[in-house]
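Numbering (mature numbering (1 follows the signal peptide of the UniProt record, and there is no 0)), first residue to last: -18 to -1, 1 to 512.
All C-beta atoms in this analysis are idealised placements derived from N, C-alpha and C, irrespective of residue type, glycine included.
Each remark here refers to the structure printed beneath this line.
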């Protein structure tokens, strides 16, 4: 029913039923469109009006097309034969159709196309022969269809391509050979397709692409090589594809990349190399890709991200590193990614993150960190994420002790960002499996230090003069790892100075608050020995 609905929409019927001239068991519209869908129909009706331009047969029991099938329909411009039971097509079936521009023969048990089947279709612009059972394409099948702009052959059982099969298709814009059984491509398969914009070779059995295979495709904007058996890509494979905007090599067996393989693809916006066996990214691999917006590297075997590898990707918006084996990231791993809005680091082996890891990516909206080995996020990491909309954190090793307190408070204050209901404590034992939403600060068992409390002198100013002086107490705690946490509540008007003394040395840190009103402010300091 879904196929029927989609195809009917594309056929663009409007109205006007012509009961007197319409073939039996068919519907007619606008005087020139005929739609037939009935399993009692076993052959092309002989009484199709001569002025019909669009003809469609969907889900009938037509088993073959004969030389006389369309003999009286020389005004036809479009024929669609979808989900019928067509086993055979005579070579002269489409003779006498000088105006035909669109022909589709899809989802039939058709396994043979004869060499001269399309010889007389000199005006044909769109040819779709998909999801049949065709094994071989005759070498001269397209020699007279020189006006073709779209050729779709996906979903058949084609195992090889003749070297000159497409040599006459100089106007072709889109070629789809996906989901076949092609294992080899002759080096000159596409050399005549200088106007080709889209080439889909995905889901075949291609083991290698010889250098020079794409040399004449300077207008190509999209290339899909997904789901093949490629183990390597030669250095100059993509060298001539200077107009390419989308390149996808997902689900192959590539183990390493030549550092210059993408160097000429200056217009590339989408690069997908997911689900391969890549272990390292060579230096300079992404140089020249200054227009890249989406980089998908998930499902490989990366263990680390080399320093400066993304330095020239100033327009990158989405970076996918999911399903790798990354254990750690340097603090400047994402240097240069100032336009990044989405980063996916889930399903790795990350044990910790540096507090400045996102320092250079302040435009981040979405961060995915689920299914890692993280125990806590450093307190300083949040300050670099002013635009954050979502951070996904479930299925980590969250350790809910005293060092977890700042993270807990931040998550509760940002429930709409953190999806906190999905996050559980991994330990200590008494908190294992406990939802973060149920966790209280007292559950973290932060020991109060034996040191005397800190006294803070607060001075509230009005019009530049001291108005009152308040003494406030700060509490301090020692964590299990020896860090000292100091928590104070003080009244801050416009700014506050914090003096830190060590022996005879004193340093001052200033904080400025927006607004002019004096109001209570929580200050928290962590002192850790290194």
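- Task: For residue 500, name the three-state secondary structure that DSSP assigns.
- Result: Counting from one through the chain shown, the residue named residue 500 turns up at place 518. DSSP places residue 500 outside both helix and strand once states are collapsed to three, so it counts as coil.
- Between which two residues does the alpha helix (DSSP H) containing residue 392 stretch? By one-based count along the chain shown, residue 392 stands at place 410. Start and end: 387 to 395.
- Message: Are the CB atoms of residue 162 and residue 186 within a distance shorter than 7 Å?
- Response: Position 204 of the chain shown holds residue 186. Position 180 of the chain shown holds residue 162. The Cβ atoms of residue 186 and residue 162 lie closer than 7 Å to each other.
- Task: From the DSSP output, read off the bridge partner residues of residue 41.
- Result: Here residue 41 refers to the residue found at position 59 when the chain shown is read from its first residue. According to DSSP, residue 41 bridges with nothing at all.
- Query: Alpha carbon to alpha carbon, how far is residue 68 from residue 329?
  - Reply: On the chain shown, residue 68 is found 86 positions in, with the first residue counted as 1. On the chain shown, residue 329 is found 347 positions in, with the first residue counted as 1. So the alpha carbons of these two residues sit roughly 48 Å apart.
- Message: Just to confirm my understanding: we take residue 325, look at its own chain, exclude 5 residues before and 5 after, and list those with CB closer than 6 Å. What are they?
- Response: Within the chain shown, the letter at position 343 stands for residue 325. The answer, listed in chain order, is 301 and 349.
- Strand pairing of residue 300, partner residues [DSSP]: Numbered from its first residue, the chain shown carries residue 300 at position 318. According to DSSP, residue 300 bridges with 276 and 324.
- Message: Between the alpha carbons of residue 202 and residue 340, how many angstroms are there, rounded?
- Response: In the chain shown, counting from the first residue as 1, residue 202 sits at position 220. In the chain shown, counting from the first residue as 1, residue 340 sits at position 358. Here the alpha carbons of residue 340 and residue 202 stand approximately 36 Å from one another.
- Item | Under 7 Å between C-beta atoms of residue 47 and residue 71 | Counted from its first residue, the chain shown places residue 47 at position 65. Counted from its first residue, the chain shown places residue 71 at position 89. Yes, the pair counts as a contact, with Cβ atoms nearer than the cut-off.
- Who are the Cβ neighbours of residue 90 in its own chain at under 6 Å, not counting the five residues just before and after it? Numbered from 1 along the chain shown, position 108 holds the residue referred to as residue 90. Same-chain partners within the cutoff: 66, 68 and 114.
- Task: Quick one: residues in its chain with C-beta nearer than 8 Å to the C-beta of residue 177, no 5 flanking neighbours on either side, listed in chain order?
- Result: Reading the chain shown from its first residue, position 195 is the one you call residue 177. Setting aside the 5 residues that flank it on each side, residue 177 is surrounded in the same chain by 152, 153, 154, 155 and 201, each with a C-beta closer than 8 Å to its C-beta; the list follows chain order.
- Query: With 16 other CB atoms within 10 Å as the buried threshold, where does residue 371 fall?
  - Reply: Along the chain shown, read from residue 1 onward, the residue named residue 371 stands at position 389. Only exposed fits residue 371, as fewer than 16 other CB atoms lie within 10 angstroms of its CB.
- Query: When the cut-off is 7 Å and only beta carbons count, does residue 292 lie next to chain B?
  - Reply: Reference to chain B is not applicable here, since this structure consists of a single protein chain.
- Using 10 angstroms around the beta-carbon of residue 256, count the other beta-carbons present and answer buried if the total reaches 16, otherwise exposed. Walking along the chain shown from the start, residue 256 turns up at place 274. By the C-beta density criterion, residue 256 is buried, having at least 16 other C-beta atoms within 10 angstroms.
- Task: Under the assumption that residue 125 contacts residue 150 (Cβ atoms under 8 Å), give the Cβ distance between them as a whole number of angstroms.
- Result: Your numbering for residue 125 matches position 143 in the chain shown. Your numbering for residue 150 matches position 168 in the chain shown. That belief holds up - the Cβ atoms of residue 125 and residue 150 are roughly 5 Å apart, short of 8 Å.
- Look at residue 332 and residue 291 and say whether their C-beta atoms are less than 7 Å apart. Taking the chain shown and counting its residues from 1, one reaches residue 332 at position 350. Taking the chain shown and counting its residues from 1, one reaches residue 291 at position 309. Contact flag unset, no.
- Task: Report the residue from 389, 102 and 400 whose alpha carbon sits nearest the alpha carbon of residue 83.
- Result: Indexing the chain shown from 1 puts residue 83 at position 101. For the residues 389, 102 and 400, the minimum Cα distance to residue 83 belongs to 102.
- Message: Quick check: what's the CA-CA separation for residue 344 versus residue 368?
- Response: Residue numbering aside, residue 344 sits at position 362 when the chain shown is read from its first letter. Residue numbering aside, residue 368 sits at position 386 when the chain shown is read from its first letter. Roughly 7 Å separates the two Cα atoms.
- Task: Assuming residue 230 contacts residue 207 (C-beta within less than 8 Å), just tell me the rounded distance between them.
- Result: Position 248 of the chain shown, counted from the start, is the residue given in the question as residue 230. Position 225 of the chain shown, counted from the start, is the residue given in the question as residue 207. The Cβ separation is near 7 Å, so the contact holds.
- Closest residue to residue 247 among 225, 267 and 254 (Cα-Cα distance): For this step, residue 247 is matched to residue 265 along the chain shown. Among 225, 267 and 254, the Cα nearest to that of residue 247 is on 225.
- According to DSSP, is residue 171 helix, strand or coil? Indexing the chain shown from 1 puts residue 171 at position 189. The answer is coil: DSSP assigns residue 171 none of H, G, I, E or B.
- Task: Could you have a look at residue 348 and say whether DSSP puts it in helix, strand or coil?
- Result: For the purposes of this step, residue 348 is identified with residue 366 of the chain shown, where counting begins at 1. It is a strand residue.
- Message: Whole angstroms are fine: how far does the CA of residue 380 sit from the CA of residue 297?
- Response: Here the question's residue 297 lines up with position 315 in the chain shown. Here the question's residue 380 lines up with position 398 in the chain shown. Here the alpha carbon of residue 297 sits roughly 34 Å from the alpha carbon of residue 380.
- Have a look at 376, 383 and 395 and flag the residue whose alpha-carbon is nearest the alpha-carbon of residue 364. Taking the chain shown and counting its residues from 1, the one referred to as residue 364 is at position 382. Of the candidates 376, 383 and 395, the one whose C-alpha sits nearest the C-alpha of residue 364 is 395.
- Query: Does the distance from the CB of residue 41 to the CB of residue 19 come in under 7 Å?
  - Reply: As a position in the chain shown, residue 41 is number 59, starting the count at 1. As a position in the chain shown, residue 19 is number 37, starting the count at 1. Taking 7 Å as the Cβ cut-off, residue 41 and residue 19 qualify as a contacting pair.
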